[in-house]
Amino acid sequence: MAKALDVMHAANAEAAKGNWDGVRAFFHEDLVMYEADSIPYGGAYHGHAGHAELKEKQQQAWANNVIHPITYLGDDNHAVSITRKVAIARATGRPIDVHVTSWWKMRGDKVAEIRVFYEDAGAITAALTP
-14 MAKALDVMHA
-4 ANAEAAKGNW
6 DGVRAFFHED
16 LVMYEADSIP
26 YGGAYHGHAG
36 HAELKEKQQQ
46 AWANNVIHPI
56 TYLGDDNHAV
66 SITRKVAIAR
76 ATGRPIDVHV
86 TSWWKMRGDK
96 VAEIRVFYED
106 AGAITAALTP
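-14 is the number of the first residue of the sequence shown in the numbering used here; add one for each residue after it.
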C-alpha cells in the first residue's frame, strides 16, 4: 500500500508541472475535495470531474499562482501539507500571500478525501471580489 505522504509528494510533483491528468491518477474515482464555503470557488467537488472543475475555477481566479512548500506530515492513511500561496487575482489585480493547510485521506492506494484550510479565507475573498 502506498503511504499517504509519498502519494502527496508524487501528486504535488505532477501539479508543479501542470500535469492535472497525472495528479488525478493518484485520486480515487470517488474523491471528494472540500474548499472553504466562504471563498468564491468554495464547496465540495466530487470525483475526477469535480477536481477538473475546481482546477478550472482556480486557474480562472488566479494569475502567477505559486505554492511554496513549508512542511509535510503523514502516515500510511493521512497526509498534511502546510504551504504558502502567493498569487494575483485576475479580476482585481490584488495580490495574496497566505498559508494553506491541506489534509488528505487515503482509501487503499488512492486519495479519497481532501480538505483545504486557508489561514485567512477572508483575504482570498477580498482579493477576488471586484
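The C-beta atom is built at its ideal place from N, Cα and C for all residues, glycine as well.
Contact between the segment 19 to 39 and the segment 61 to 68 (3+ Cβ pairs under 8 Å): Three or more Cβ pairs closer than 8 Å define a contact, and the segment 19 to 39 falls short of that threshold against the segment 61 to 68.
Residue span of the alpha helix (DSSP H) that contains I109, given as start and end: A106 to L113 is the span of the alpha helix (DSSP H), which, as asked, contains I109.
Option nearest N50 by Cα separation, candidates V83, T56, Y57 and A37: Closest in alpha carbon position to N50, among V83, T56, Y57 and A37, is V83.
Straight-line Cα distance separating K90 from V65: If I take the Cα positions, the gap works out to 9 Å.
Inter-residue spacing [alpha-carbon to alpha-carbon] between A97 and A106: A97 and A106: Cα-Cα distance of roughly 24 Å.
Through-space distance from K2 to Q44, alpha-carbon basis: Using only the alpha carbons, I get a separation of about 14 Å.
Between the CA atoms of R9 and D(-9) - distance to the nearest angstrom: If I take the Cα positions, the gap works out to 15 Å.
DSSP-derived helix/strand/coil call for G150: The structure shown has nothing for residue 150, since the chain only spans -14 to 115.
Per-residue DSSP class, three states only, for K2: K2: coil per DSSP, three-state reduction.
Enclosing beta strand (DSSP E) for F102 [first to last residue]: K95 to Y103 is the extent of the beta strand (DSSP E) around F102.
Beta-carbon proximity list for R75, same chain, < 8 Å, skipping 5 on both sides: If we look at R75 and ignore the five residues flanking it on each side, its Cβ neighbours are Q45, A46, W47 and A48.
Range covered by the beta strand (DSSP E) that runs through S66: Where S66 is concerned, the enclosing beta strand (DSSP E) stretches over H63 to A74.
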